[in-house]
Amino acid sequence: FIAGMRDKLIHHYFGVSLEIVWETVQSDMPVLREWLKGLKEEL
């Protein structure tokens, strides 16, 4: 989801809905944070 969001933000800047970006941050970032914590513990 990160690469897809990046592509949308970079290539469609003026067509990006800030509401959708905020919803994505709220829903996906906690999941990503937990995944990264687990990855860090494995290292």
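Letter by letter, the sequence shown follows residues 1151 to 1193 of the working numbering.
Every residue gets a Cβ at the ideal spot worked out from N, C-alpha and C, and that includes glycine.
Residue range of the alpha helix (DSSP H) that residue i falls in?
i: S1177; result: L1168 to E1192
i: G1165; result: Careful: G1165 lies outside any alpha helix (DSSP H) and carries neither H nor E.
Which residue wins for smallest C-alpha separation from residue i, given the options the options?
i: A1153; options: S1167, E1169, T1174 and F1164; result: T1174
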